[in-house]
Amino acid sequence: MARILITSALPYINGVKHLGNLAGSMLPADVYARFQRLRGHDVLYICATDEHGTPAELAAASSDMDVRAYCDEQHDIQKRAGDGFSLSYDYFGRTSNAPNIELTQHFAAVLEEKGLIEERVEHQVFSIDDDRFLPDRYVEGTCPHCGFERARGDQCDNCGRLLEPTDLKEPYSKISGSKNLEVRETAHLHLIQTKMEGKIRAWVDASTEWPSLAKSIAYKWLDEGLRDRSITRDLKWGVPVAKDGVARPGFETKVFYVWFDAPIGYIGATWEWAEANNGDWESWWRTDKGADDVTYVQFMGKDNVAFHTVSFPATILGSEEPWKSVDKLKAFNWLTWYGGKFSTSENRGVFMDQALDILPGDYWRWYLTANAPEGSDSAFTWDHFQSLINKDLADVLGNYVNRVLRFNKSRFEAVVPAGGEWGEHEDWLAGEMDARLKSAAENFEAMEFRKAAGDVRAIWALGNEYLTRAEPWTKFKTDPDAAAIGVRTALNFMTVMAKIAQPVIPNAAATILDALGIAEDERAWPQGEAKTLLTALPTGQSVEPPEVLFKKIEEADIEAWSERFGGAEG
RNA sequence: GGCGAGGUAGCUCAGCUGGUUAGAGCGCACGACUCAUAAUCGUGAGGUCGAGAGUUCAAGUCUCUCCCUCGCCA
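Residue 12 is where the first sequence starts when you use the working numbering, and the numbers rise one by one after that.
Here you go:
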C-alpha cells in the first residue's frame, strides 16, 4: 500500500469557479484520488480556498462586507459547490487559517536566515486622504502605454500589459477616488530567487515524472532568468509580517503577498486536516518524519505551472529543511467555451453552482473527464455535451443496467438466477474484460484521463456486446438454464462496470452497486481472475432495478441552456 | 514582435524513440435483434495527416521556410 498525497490548485476565494477551473484541477485530482483509494492505497487529498490578496478585499468592499466575513461566506459556497460535484477532499482548508499563517511566517524566517530574504526600499503610491499605501489594484489611472483611463495598478485591462502602480498617469484611489496621492518610499521583503536558480534547475532536471507541458514551462522561466520578487504588500488582509506574534519593525501595516502564502496553504490545509481528524500532518510533509515514502501529486491548470515548478520550490528548497516536494505533476490546458474564454460579464459559460442547478454532478464529471483538456485546449459545446451524456451514460451504461435488471425481474423474479454452464460467450467476455481492465488501470495510473474514460466506456460497451452474443431473451423461450447463465454473467459483469465507473461517476456507480447488493467494503477496483470476478454474485441474491440512472438531454434542454448560458452564437 | 501549444476523417480527438493497407468515439448509410431509456449489436463509406521544400531505403512522425488558430509575455 502506497501513501499518496494529492493536491489540487487552490481555487481563489473570489466567487464560484467555472467548469474550466473544475476540469483543470479539482475534478481530475478527485478522479485520481478515488481511483487510488479503490486500488487500496492510503490517499490524502487536500485542497483549500486561496483567500488573500487585493481581489478578495475589493470584492468584499463592493459587497459592503468585512473581508473575513466575505471569505467565510465564499468558502462555504465553494465547499458546497465541491460537495455537489462529489469532490472527495480529505480536507478543504483555508489559507487564512492559523496553520497557514504560522507556516508562512516560519518559512519567511527560515529563508531570511539562509540569506534568501532581504529588505529593500520601494517606491509606492500613498493616498493622503485614505492614509495608506495603495498596492496593485487599489490604485487606478491612465495606462501609460495605451491611454486606457481605468487601468489597474497591476495590469491594464485594455492592452493587457503588466504595470507598476507608479506607472499610472492621473492615478486615483480605488477606495476613495481621491487624487491626492504621492509616491513614498517604503521597505518590503524580497525573495532572492536569483540565488536559487541553480538549485531549482537541478531539481527540475531530476524530476523525471513531469509531463512535457510542465517541464517546458519550468525551463522557460529558468532560461529567462528568475527575478527577485517582493513578497510583502501594504495591506491589512493577509499573513502578518511577524515572528512569534511580534510584528517586524516597520512592517506593522504590511502582510505577506498572496503569491507567497498561497502554495504554503497545501501544507497548512494538511495541518488543518490533522487537527480535525487527529492525524499527523508532518508524516505527509516532512521527509524526516515519515514522508519519505509519500508520493506527492499535484494537479493544476497550465497558468499555475510556473508557481509550482519554480516559485513554490524556491520556498521549499530554499528553506533547506526536509520538506516533501512534488513528485508527479499533472497540468491541464484550458476548457474553452465554444473556443473562447468563459466570461461572467458576457454571459458565456457555466459556473459550478449553475451546472448543478441543471444536472447532477455525475453528468458533468463524465463529460469533463472524457473530454478533459489534456493534449490541448478543448472546447465545451452543448451539442458535444449532449452527445456524450446521452450516448455514453444513458444509452451504453444506463440502458444496460436497466435492460438486464428488468429482464431479470420479469423472467427470474429479480434474484440472481442459478443454472446453466459457463461457455464460449463467457470465455469471450472474460478475455475482453481482462485486456480492457488492464488498459483502464494503466491509464488512470498515468493520469491519462481521456484514455481512461475511453477504456471505461469500452468496458461498458462490452456488456451490450456480450448480451448480443448470449441473447438470453431468445434462449429463455426454449432453455431457461441457458438464459440464466447469460443473465447471471451479465449481472456479474455489471458489478465490474460499476466498480470501474466509481472514480468518475461515484453516485451512479453507488446506485448500481447498491442495487446489486454489493457491500461497501467489496467495491474495490476489480482485480484477479476474470472468471472469478464474473461468478462472484451469490445465486438467489435479490437484485432490483433502480430508478432510471441517467435522464437523456433533449433538444429543448439544449435550446434553453444555450439561451441562458450562451452557445454557438457567442 | 518574442515565447509556448496546436493545425490528422463532417465533429471531438489518439497516433512513443520515423517502418506493413493512418486509428477511436460521435455523426452518416446499410443490415441484425427486440430484453431495454426509439436503446443495443454488426458492417460500411469518408482523410493527398495546414502549404512547400529537404534528409532517408522509408516521414503525420526529423530539418528548414511559409500560412492559420489559441494562449502567455513584450
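By construction, the Cβ of each residue, glycine as well, lies at the ideal position given by its N, Cα and C atoms.
Distance between beta carbons of V554 and R499, contact taken as under 8 Å: That pair is no contact at about 10 Å.
Apart from the five residues on each side of it in sequence, which residues of its chain come closer than 7 Å, Cβ to Cβ, to S74? Y81
Express the C-alpha separation of Q85 and N25 in angstroms, rounding to a whole number. 7 Å
Does the beta-carbon of D303 have 16 or more other beta-carbons within 10 angstroms, so that it is buried, or is it exposed? exposed
To which residues does DSSP link I15 through a beta bridge? V54, T306
Sequence-distant residues of the same chain with beta carbon closer than 6 Å to D373, five excluded per side: I516, N518, A519
Once DSSP output is grouped into helix, strand and coil, what is the label at H199? strand
Mind listing, in chain order, the continuous beta strand (DSSP E) runs of no fewer than 3 residues lying wholly within the region 104 to 160? 128 to 138, 150 to 153
Whose CA, out of T177, L122, R447, F310, lies closest to the CA of G465? R447
Would you give the residue range spanned by the beta strand (DSSP E) that A342 belongs to? 339 to 343
Is the separation between the beta-carbon of R45 and that of S99 shorter than 8 Å? yes
With 16 as the cutoff for other CB atoms within 10 Å, does M311 come out buried or exposed? buried
Give me the residue from L192, E558, E385 with the minimum Cα distance to N454. E385
Simplified DSSP assignment, three categories, for M311: strand
Which same chain residues end up closer than 6 Å to W348 when comparing Cβ atoms and leaving out the 5 residues on each side of it in sequence? R359, G360, F391
Sequence-distant residues of its chain with Cβ nearer than 7 Å to E283 (five each side left out): Y102, G104, N108, P110
Hey, could you find the ends of the beta strand (DSSP E) T347 is sitting in? 346 to 348
For V252, which three-state DSSP category applies? coil
Own chain partners of S97 with C-beta closer than 8 Å, once the 5 adjacent residues on each side are dropped: D41, G372, D373, R376, P517, N518
Separation of E62 from M76, as counted between CA atoms: 15 Å
Host beta strand (DSSP E) of A495 (start-end): Premise fails: A495 lies in the alpha helix (DSSP H), 491 to 512, not in any beta strand (DSSP E).
Would you decide whether A59 is buried or exposed? Buried here means 16 or more other CB atoms lie within 10 Å of its CB. buried
Helix, strand or coil, according to DSSP, for V407 in the structure here? helix
Please classify I139 as buried or exposed, where buried requires at least 16 other C-beta atoms within 10 Å of its C-beta. exposed
So, A325 versus I211, is the Cβ gap smaller than 8 Å? yes
Residues bridged to Y23 (per DSSP): D61
Which of the three DSSP states is assigned to Y268 in this structure? coil
On the DSSP letters alone, give me the boundaries of the alpha helix (DSSP H) that S330 sits inside. It is not in any alpha helix (DSSP H) - S330 carries neither H nor E in the DSSP assignment.
Use the C-beta contact count for R575: other C-beta atoms within 10 angstroms, 16 or more gives buried, fewer gives exposed. exposed
Using alpha carbons as the reference points, say which of K206, L473, H395 lies closest to D438. L473
In three-state terms, what does DSSP make of Y100? coil
Beta-carbon spacing of I496, P537 below 8 Å: no
Look at W296 and T281 and say whether their C-beta atoms are less than 8 Å apart. yes
Span of the alpha helix (DSSP H) around S398: 393 to 399
Residues in its own chain within less than 6 Å of V215 by CB, not counting five upstream and five downstream? A229
Leaving aside the five residues before and after D262 along the sequence, list all residues of the same chain whose C-beta is less than 6 Å from its C-beta, in chain order. According to the sequence displayed, residue 262 carries Phe and not Asp. Answer for F262: V252, listed in chain order.
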